[in-house]
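Before any comments, here is the structure.
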Amino acid sequence: MRLLVVNYEYPPLGGGGGVLCRDMCECMVRMGHEVTVLTSGFQNLAAQETCNGVKIERVPVWFRFGNQTASIASMLSFYPLAYRTGRRLLQQYGFDLINSYFAIPSGPVGHALGKYSGLPNVLFLLGGDVYDPSKTLSPHRTPLLRQTVGHMIRKANAVMAGSENTHNSARRYYRSQRSIDVVPLGLRLANPVVASKTRLGLNDQYAVLCTIGRLVRRKNIPELIDILARVNQSTPTTLVIMGDGPEAANIRDYAGQQGLDQQVILAGRVDEHRKQQYLAAADLYVSASMHEGFGLVFLEAMQAGLPVVCYDNGGQTDFLEDGRTGYLIRLGDKKTFSEQISALLQDPAKQATMARYNKTKVSSYDIDHCTQQYLKIFQRTLDASPVVTNFT
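Count along the sequence shown starting at 1, add 19, and that's the number in this note's numbering.
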């Protein structure tokens with residue numbers, strides 16, 4: 020199968036949706052398929068390159084200022100620039116199918132290229148493209164964006180959602196009655212890593228909590244610092260935050276205001292090996308995110324044998340189990356959140372039981388297994404679509 024994948028953010032740009040896209044594309048290449056990704060450029064990233072067998076075409080979007088977040092101007096400019104390059108790619112390669120990641124801004128590009136070529140377009144809804152409670156301009160709140168997302172959902176040849184939560188949001192906010200396949204996100208399973216707190220510069224007399232994500236409002240890191248302050252009253256604890264983004268300075272200032280600047284470690288954007296080291300050295304994985312479309316980072320934590328404590332709002336409820344994988348806390352209940360962390364830190368036997376369960380459970384989310392599910396949907400869509408060659 021020859022695939023054109025449209026995603027406005029592809030590593031090193033973006034967050035979990037881009038990581039999933041990369042891992043799935045590379046997995047499909049290993050399975051013998053041909054994959055070309057159409058994405059945004061930034062600074063010194065090559066306009067064209069092949070990485071682990073995946074052909075990457077980057078378009079020079081306007082006013083993008085960092086790896087972690089896309090400006091509104093960069094997303095608006097992605098459509099005309101990517102459409103122009105996409106037409107060239109369609110004429111250059113004999114693609115079978117288009118796969119668009121995120122209803123906006125990638126969705127309109129994939130839809131237009133599908134109309135131009137006659138090829139089927141499979142839309143993948145990841146979460147924030149449908150619902151983001153932290154943004155005033157979240158698509159579900161903004162009439163023009165809501166109309167656009169709804170149109171993309173209706174017009175795609177097939178639609179996938181990364182979780183039941185995203186599927187339900189598509190139905191609730193966009194009144195979609197069409198069939199939507201719920202396909203979980205997959206994880207590229209890593210080899211175990213051994214690491215110590217002291218080698219990472221952490222105090223080995225302190226418990227270590229860790230969290231991963233773009234430092235944006237939705238991740239709600241200040242609330243996590245409030246929770247740390249409560250936990251610290253009974254157990255000296257360090258919080259390691261992996262990731263970067265526009266809220267980094269505010270988070271650093273807030274930690275200082277709470278007198279926790281020595282216990283809140285902003286590690287920044289780390290490479291894969293260092294990330295695995297921090298996970299291996301940690302005691303628990305925590306997240307106070309307002310909402311997650313799925314939450315690949317939770318799978319990464321489970322793979323490392325960490326109990327997960329987080330809020331219950333989002334796609335993570337598809338696979339996290341309260342009392343087994345860790346604890347799911349009612350959104351905003353900081354008191355219970357801190358109490359459950361403290362209880363776990365004082366119960367090594369329960370931590371060990373959860374760690375064993377998580378390591379076993381995460382194996383069913385291997386990227387190879389999940390990619391096979393995607394490919395079945397692609398093939399089903401191809402079988403239901405007429406063969407076309409309308410390039411003009």
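The beta-carbon is built from N, C-alpha and C at its ideal position, and this holds for glycine as well.
These numbers were taken from a predicted model, which means no experiment stands behind them.
Run the CB neighbour count on residue i, radius 10 Å, all protein chains shown included, and call it buried at 16 or more, exposed below.
| i | result |
| --- | --- |
| ASP366 | exposed |
| PHE84 | exposed |
| GLN335 | buried |
| LEU116 | buried |
| LEU22 | buried |
| THR411 | Per-residue confidence for THR411 stands at a pLDDT of 47, beneath the threshold of 50, marking its modelled position as unreliable; the derived number appears in the next sentence. Result: exposed. |
| ILE123 | buried |
| THR217 | exposed |
| GLU291 | exposed |
Are residue i and residue j touching if we call contact CB-CB under 8 Å?
| i | j | result |
| --- | --- | --- |
| VAL24 | ALA101 | no |
| VAL227 | THR257 | yes |
| TYR330 | LEU315 | no |
| TYR304 | LEU325 | yes |
| ASN176 | ASN140 | yes |
| LEU138 | VAL178 | no |
| ARG207 | ASP42 | yes |
| GLY34 | GLY232 | yes |
| GLY363 | ALA300 | Per the sequence shown, residue 363 should be read as Leu rather than Gly. No. |
| GLY113 | LEU132 | no |
For residue i, which residues of its own chain have a beta-carbon under 7 Å away from its beta-carbon, when the five flanking residues on both sides are left out?
| i | result |
| --- | --- |
| ASP263 | GLN87, LEU234, GLY287, ARG288 |
| ARG271 | LEU285 |
| LYS174 | HIS130 |
| LEU221 | VAL227, THR257, ALA300 |
| TYR273 | PRO241, ILE244 |
Output needed for residue i: all residues of its chain with C-beta closer than 6 Å, excluding positions within five of it in sequence on either side, in chain order.
| i | result |
| --- | --- |
| TYR150 | HIS159, SER188 |
| PHE121 | LEU145, ASP148 |
| HIS52 | MET20 |
| SER136 | LEU109 |
| ILE260 | THR230, LEU285 |
| ILE75 | VAL56, GLU68 |
| GLY37 | GLU28, TYR29, PRO30 |
| ALA180 | LEU144, HIS186, ILE199, VAL201 |
| PRO162 | none |
Out of the options, point me to the one whose CA is closest to residue i's CA.
| i | options | result |
| --- | --- | --- |
| SER153 | GLN196, ILE240, ASN222 | ILE240 |
| ASN63 | ALA300, VAL78, ARG399, VAL406 | VAL78 |
| ASP385 | GLY105, PRO203, LEU394 | PRO203 |
| MET94 | SER125, THR217, GLU358 | SER125 |
| ARG375 | LYS395, VAL327, GLN398 | VAL327 |
| PRO127 | ASP280, CYS70, TYR112, ARG103 | ARG103 |
| ALA368 | ILE260, GLN296, ASP302, GLN277 | ASP302 |
| ALA65 | PRO31, GLU358, PHE97 | PRO31 |
| PHE97 | GLY60, LYS74, ASP387, ALA307 | GLY60 |
| ASN118 | PRO99, ARG165, THR161, CYS40 | CYS40 |
| GLY312 | PHE114, GLU358, GLN276, LYS238 | LYS238 |
| TYR393 | ASP245, GLY169, GLY36, GLY205 | GLY205 |
| ARG190 | ARG49, VAL283, VAL168 | VAL168 |
| GLN281 | TYR193, GLY181, LEU247 | LEU247 |
| ASN251 | THR58, SER361, LEU163 | SER361 |
Examine chain B for any beta-carbon lying closer than 8 Å to the beta-carbon of residue i, and answer yes or no.
| i | result |
| --- | --- |
| ALA101 | Absent from the structure: chain B. Only one protein chain is present. |
Keeping to the same chain, check which residues put their C-beta closer than 8 Å to that of residue i; ignore five residues upstream and five downstream.
| i | result |
| --- | --- |
| PHE338 | PRO203, PHE317, LEU318, THR344, LYS380, TYR384 |
| SER215 | ASP223, ALA300 |
| THR390 | MET43, CYS46, MET47, MET50, GLY205 |
| LYS354 | ARG249 |
Which residue spans inside the region 333-365 form an unbroken beta strand (DSSP E) run of at least 3?
Within the region 333-365, complete beta strand (DSSP E) segments of at least 3 residues are found at 345-348, given in chain order.
What ranges does the alpha helix (DSSP H) occupy inside the region 266-333, keeping only unbroken runs of at least 4 residues that lie completely in it?
Segments of the alpha helix (DSSP H) lying fully in the region 266-333: 267-276, 291-300, 315-322.
At what residue ranges does the region 167-197 contain a whole run of the beta strand (DSSP E), taking only runs of 3 or more?
Taking only runs of at least 3 residues, the beta strand (DSSP E) segments lying wholly in the region 167-197 are 177-180.
Quick one: complete beta strand (DSSP E) runs, 3+ long, within the region 239-264?
Inside the region 239-264, DSSP marks whole beta strand (DSSP E) runs of 3 or more residues at positions 256-261, from first to last along the chain.
Entirely enclosed alpha helix (DSSP H) segments - the region 84-118, minimum 4 residues
Complete alpha helix (DSSP H) runs here, min 4: 91-111.
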